[in-house]
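In my numbering, the protein residues as written are 5 to 924.
Yeah, the Cβ is synthetic: ideal placement off N, Cα and C, and Gly gets one too.
Quick caveat, the model's predicted, so the values are computed rather than measured.
One structure is given below, encoded as structure tokens.
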RNA sequence: GCCCAGGUGGCGGAAUUGGUAGACGCGUUGGUCUCAAACACCAAUGAGGUUAAACUCGUGCCGGUUCGAUCCCGGCUCUGGGCACCA
């Protein structure tokens, strides 16, 4: 009888679920370990073989840690709010909640078939009101908090209110980017509404009128990380800049901490680098340029104060608030024209337009160091949203300034000794400064320090650290997301009462109103489960709201009084191992870190980073097949002849192609329009082209895990996905090698069963060799799993089995150990054999075998004997052989004499237990 | 343009601290079993070279350090990813 994986797998999946084998409870006696996957968005397409890759790895690790005696938390849930389900609702009228239910059910059945050890009793779904009650709660905490720069943490807004009452906002320690200044008298005289408006400049969740990324096709605003090259990440629609009133989160207050604590995380360098780039810390100075004919000054941010004497002009962003004040009447027309043109450009146009443009305002500023007059221009290469929205232009040291100066025939002063700036600016920092008054003769770094010191002394500037990171826009004008726990009284936002969850109301259509308000504006007062004030907020939260804290809810998923109890979050603490795709590098991973730090500041949890160790699994790419249709015909030409025709390449379903050879009959049946297709063949065969690309339904290159499980079983699938290569690496999907791992399991089965499927096992018969074999495997499997080298574990298990088969070893102890080693990878077959061995509780509850070093101790070592570094032959010596002994034997060996060919050795290197090298 | 990761047989990949390059698997070839096929098993399999061996070359390219380099250093190149008027 053969290995009947279908029966085995369904039996044990039922056993595990009936006996609650995977449920986990807090247990202070045991050390905890938290293994988490980035939870999936349940799309209508279901899982393909790429999705479970990370889940399999984390499941193996979780099972391994359990065997090592840890109390392992390994949950799963769904990030179930989001755009695709809503788009589907718009097309079909099916309520997103209904579609979500169907999709999650499908996901669940696919996941169950793979044999994961998830504790499903802890499942959460972000679209469940019991869950998003607490997402709203966290938003409320953010709204009720401001950031105190002095204590470097979030504090209650009441603290700020108290401060304003007694001091105004002079020297106040609370983080803001507003320039507003007020005294305590002013504050105390203000109306309640005015006070609330001003507080919005400080709250960590705030409403503001700012430039946002508006995507007309999606009908919503987007955060910066959802825009790629001026197009929306989802759908690839154009995005424009628009001034709108939106909710934002003041993540910029956390920029420094988010940047700094990256260094302690066990994440890949490239991922940390992406976050660092995104935060974009740069050190420099703010310098003040007094205006010549107006009161007031232009502040510029620069990272190169050493080049300050090389300033030939200033440039403001067209949107800069001073532009309208300083423009002279004779330049008014040209400035207004320029501003209007740049307003019309989208972000994408502005980026792709490499032409130098700008206009002179007619005004001058006074150089704070030299006292000279400096012309003030406006140009759209200066961004309003970075730094101060103004730059000091140093054409000799900055290429953009150089191009600008050249274009408008502005003189360029060179402040670098012996550097040629006739062809381009000199941007390196390794020069000596000249033409710069008291900075002359200094290196750039010395000059930077001295220039800042001078600016501080003369009160014309100070040191400044600037971040590229912007506050995160937090509202979306869509339907399928968390409603805001906010109502309005006279346009001022207020929080709803403490214990209330604002539920998503039912509406007639999932589209904006006639007036362009978000879909939720369709809800009447009676449609809301809670209504107060003049109106409810009609925005929803973005997709990343629910996923920014779900790892906390898994610790205490059914708590109705807290988002997570302190006791439980203290026990489970940080996620010890987090596995997911690199596409979340700046979105989800940055926002989760932000929320974790915030909740830490407020004392709700006692750790300030969510994910201690993170692995990005590489994407599994699809291997698409193409057929070539001859233009304007229903004729298809084989790959080798396609250049003789004008053809269009079309994706063809990989399921009707074998080894790049098209199954013509299946192809004719595949699509109605191909029923009468004709073919130009070579040797009677149609060869398809291929391409490695992302797996997607539209490319017909997807493979579902279900098909493979049907054919080979879940254990084979699990082993094979790991065997493909290192987890982090991108790799094309191919089922070429799947027979290999399947044969491994069959070989194991056959080794342990007779032809009637009776278990073959012997007692205490193992040879010394078998002990060595199994202990070598124990060592390697343990070490490799510990260092997340999941692919080499499979090889080691194969090697071990090959040896045991050769040794005809069926000894109970050895086989038990082997089965436990295998069980994280192939839990079903392991469980089956485990019970056949006479055990009566799940293998999950057993212990990982203990490696015994003494068994592997060898008496001798086979030395590679190399000549000038090249291995030529091997010679065994006992481990206690002296160097002299080894040298003598080697030098007298006939092969040595042969390889030396009469020459005398210059040097003989003997490294004990490593190598012998003879240099001649 | 800047930053990060990577380049090893026909293919996926291994080599953990500078010490036998190519483990394990796929594929291919030959053989055993079979009426035959499938399965299974055995053997070979980096390239050149030879009846066989000897030998030569070989981890993207050029150079360096070292008794010894896939691994360390310098320069280049290609692939993938990130950022990009960021002052």
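Relative to the C-alpha of residue 104, which residue among 745, 116, 87 is closest? Here residue 104 corresponds to residue number 100 of the first chain, with the count starting at 1. Nearest to residue 104 by C-alpha distance, out of 745, 116, 87, is 87.
For residue 123, which residues from the same chain have a beta carbon less than 6 Å from its beta carbon, with the 5 sequence-adjacent residues on both sides left out? Translated into the one-based positions of the first chain, residue 123 becomes position 119. Cβ-Cβ distances below 6 Å link residue 123 to 26, 27, 28, 79 in the same chain, with the five nearest sequence neighbours on each side left out; the list follows chain order.
Separation of residue 522 from residue 96, as counted between CA atoms: Translated into positions along the first chain, residue 96 becomes position 92. Translated into positions along the first chain, residue 522 becomes position 518. Going by the C-alpha atoms only, they are around 19 Å apart.
Integer Cβ distance of residue 527 from residue 509, believed to fall under 8 Å: Numbered from its first residue, the first chain carries residue 527 at position 523. Numbered from its first residue, the first chain carries residue 509 at position 505. Between residue 509 and residue 527 the Cβ distance is about 4 Å, and since that is below 8 Å, they are a contact.
Would you call residue 872 buried or exposed, if buried means 16 or more other Cβ atoms sit within 10 Å of its Cβ? Here residue 872 refers to the residue found at position 868 of the first chain. Residue environment: residue 872 is assigned as exposed (fewer than 16 neighbouring CB atoms within 10 Å of its CB, all protein chains considered).
Work out the CA separation of residue 642 and residue 741 for me, nearest whole Å. Position 737 of the first chain, counted from the start, is the residue given in the question as residue 741. Position 638 of the first chain, counted from the start, is the residue given in the question as residue 642. Cα to Cα, residue 741 sits roughly 27 Å from residue 642.
Could you compute how far the alpha carbon of residue 370 sits from the alpha carbon of residue 288? Start at 1 with the first residue of the first chain, and residue 370 comes out as number 366. Start at 1 with the first residue of the first chain, and residue 288 comes out as number 284. CA-to-CA, the gap between residue 370 and residue 288 works out to about 20 Å.
Out of 143, 137, 161, 144, state which residue places its alpha-carbon closest to the alpha-carbon of residue 151. Here residue 151 corresponds to residue number 147 of the first chain, with the count starting at 1. Of the candidates 143, 137, 161, 144, the one whose C-alpha sits nearest the C-alpha of residue 151 is 161.
I need the DSSP call for residue 870, collapsed to helix, strand or coil. The residue labelled residue 870 in the question sits at position 866 within the first chain. Reduced to three states, the DSSP call for residue 870 is strand.
The region 283 to 298 in contact with the region 201 to 211 per 3-pair CB rule at 8 Å: They do not touch, by the three-pair rule.
By how many angstroms is the C-alpha of residue 640 removed from the C-alpha of residue 745? One-based indexing of the first chain puts residue 745 at position 741. One-based indexing of the first chain puts residue 640 at position 636. Spanning the two alpha carbons is a distance of roughly 37 Å.
So, at 7 Å on beta carbons, what are the nonlocal neighbours of residue 145 in its own chain, with the 5 sequence-adjacent residues on each side left out? The residue you call residue 145 lines up with position 141 of the first chain. Answer for residue 145: 606, listed in chain order.
Give me, in chain order, the residues of the same chain whose beta-carbon lies closer than 6 Å to that of residue 602; leave out the 5 immediate sequence neighbours on both sides. Position 598 of the first chain, counted from the first residue, corresponds to residue 602. Closer than 6 Å at Cβ, skipping near neighbours: 158.
So which of 212, 215, 239, 214 has the shortest CA-CA distance to residue 222? Counted from its first residue, the first chain places residue 222 at position 218. Of the candidates 212, 215, 239, 214, 239 places its Cα closest to the Cα of residue 222.
Quick one: what does DSSP say residue 187 is sitting in, helix, strand or coil? Position 183 of the first chain, counting from 1, holds the residue named residue 187. Three-state result, residue 187: coil.
When you compare each of 711, 55, 21 to residue 699 by their alpha carbons, which one comes out closest? Residue 699 sits at position 695 when you count from the first residue of the first chain. Checked all of 711, 55, 21; the closest Cα to residue 699 is 55.
Tell me the start and end of each unbroken alpha helix (DSSP H) in the region 21 to 81 that is at least 4 residues and wholly inside, in chain order. Segments of the alpha helix (DSSP H) lying fully in the region 21 to 81: 56 to 71.
Under the three-state reduction of DSSP, which class applies to residue 497: helix, strand or coil? Within the first chain, residue 497 is the residue found at index 493, counting from 1. Here DSSP, grouped into helix, strand and coil, assigns residue 497 to strand.
If you drop the 5 nearest sequence neighbours on each side, which residues of the same chain put their C-beta closer than 7 Å to that of residue 46? Start at 1 with the first residue of the first chain, and residue 46 comes out as number 42. The answer, listed in chain order, is 82, 84, 104, 107, 108, 111.
Taking all protein chains shown into account, do 16 or more other C-beta atoms lie within 10 angstroms of the C-beta of residue 633, making it buried, or fewer, making it exposed? Walking along the first chain from the start, residue 633 turns up at place 629. Of the other Cβ atoms in all chains shown, 16 or more fall within 10 Å of the Cβ of residue 633; this residue is therefore buried.
What would DSSP say about residue 557, mapped onto helix, strand or coil? Counting from 1 along the first chain, the entry for residue 557 is found at position 553. Residue 557: helix per DSSP, three-state reduction.
Can you find the residues in the same chain that come closer than 6 Å, C-beta to C-beta, to residue 765, ignoring five residues on each side of it along the sequence? Counted from its first residue, the first chain places residue 765 at position 761. Excluding its 5 nearest sequence neighbours in each direction, residue 765 has C-beta neighbours in its own chain below 6 Å: 814, 816, listed in chain order.
Would you report the Cα separation of residue 595 and residue 473, rounded to the nearest angstrom? Numbered from 1 along the first chain, position 591 holds the residue referred to as residue 595. Numbered from 1 along the first chain, position 469 holds the residue referred to as residue 473. Straight-line Cα distance between these residues: approximately 12 Å.
Could I get the ranges of all uninterrupted beta strand (DSSP E) runs contained in the region 312 to 348, with 3 residues as the minimum, in chain order? The region 312 to 348 is shown to contain whole beta strand (DSSP E) runs of 3 or more residues at 317 to 320, in chain order.
Could you tell me which whole beta strand (DSSP E) segments of length 3 or greater appear in the region 245 to 301? The DSSP assignment places 285 to 295 as complete runs of the beta strand (DSSP E) inside the region 245 to 301, in order along the chain (cut-off: 3 residues).
Identified DSSP bridge partners for residue 970: No answer is possible for residue 970: the residues shown for the chain start at 5 and end at 924.
What is the rounded straight-line gap between the Cα of residue 413 and the Cα of residue 407? Numbered from 1 along the first chain, position 409 holds the residue referred to as residue 413. Numbered from 1 along the first chain, position 403 holds the residue referred to as residue 407. Roughly 10 Å between the two C-alpha positions.
At which residues does the beta strand (DSSP E) containing residue 840 begin and terminate? In the first chain, residue 840 corresponds to position 836, counting from 1. Bounds of any beta strand (DSSP E) do not take in residue 840; it lies within the alpha helix (DSSP H) bounded by 831 to 840.
Locate the beta strand (DSSP E) running through residue 690, then write down its first and last residues. One-based indexing of the first chain puts residue 690 at position 686. Premise fails: residue 690 is in no beta strand (DSSP E) and is neither H nor E.
Name the DSSP beta bridge partners of residue 470, please? Taking the first residue of the first chain as 1, we reach residue 470 at position 466. In the DSSP assignment, residue 470 is bridged to 286.
Contacts around residue 655, its chain only, beta-carbon distance under 8 Å, and the 5 residues preceding and following it disregarded: For this step, residue 655 is matched to residue 651 along the first chain. By the criterion of a C-beta distance shorter than 8 Å, residue 655 is surrounded in its chain by 628, 629, 630, 702, 703, 704, 705, once the five residues flanking it on both sides are discounted.
6 Å CB neighbourhood of residue 1 in its chain, flanking five on each side removed: Given that the chain is displayed from residue 5 to residue 924, the structure contains no residue 1 and the question cannot be resolved.
Three or more C-beta pairs under 8 Å: does that hold for the region 679 to 693 against the region 708 to 722? The region 679 to 693 is not in contact with the region 708 to 722.
Which residue's Cα is closest to the Cα of residue 549: 696, 203, 140, 102? Counting from 1 along the first chain, the entry for residue 549 is found at position 545. Nearest option by C-alpha distance: 140.
For residue 257, which option in 296, 308, 331, 179 has the closest C-alpha, if you only look at C-alpha atoms? The count along the first chain starts at 1 and reaches residue 257 at position 253. Distance from the Cα of residue 257 is smallest, within the candidate group 296, 308, 331, 179, for 179.
Per the DSSP calculation, residue 655 is bridged to which residue(s)? In the first chain, the residue the question calls residue 655 occupies position 651. Bridge partners of residue 655: 630.
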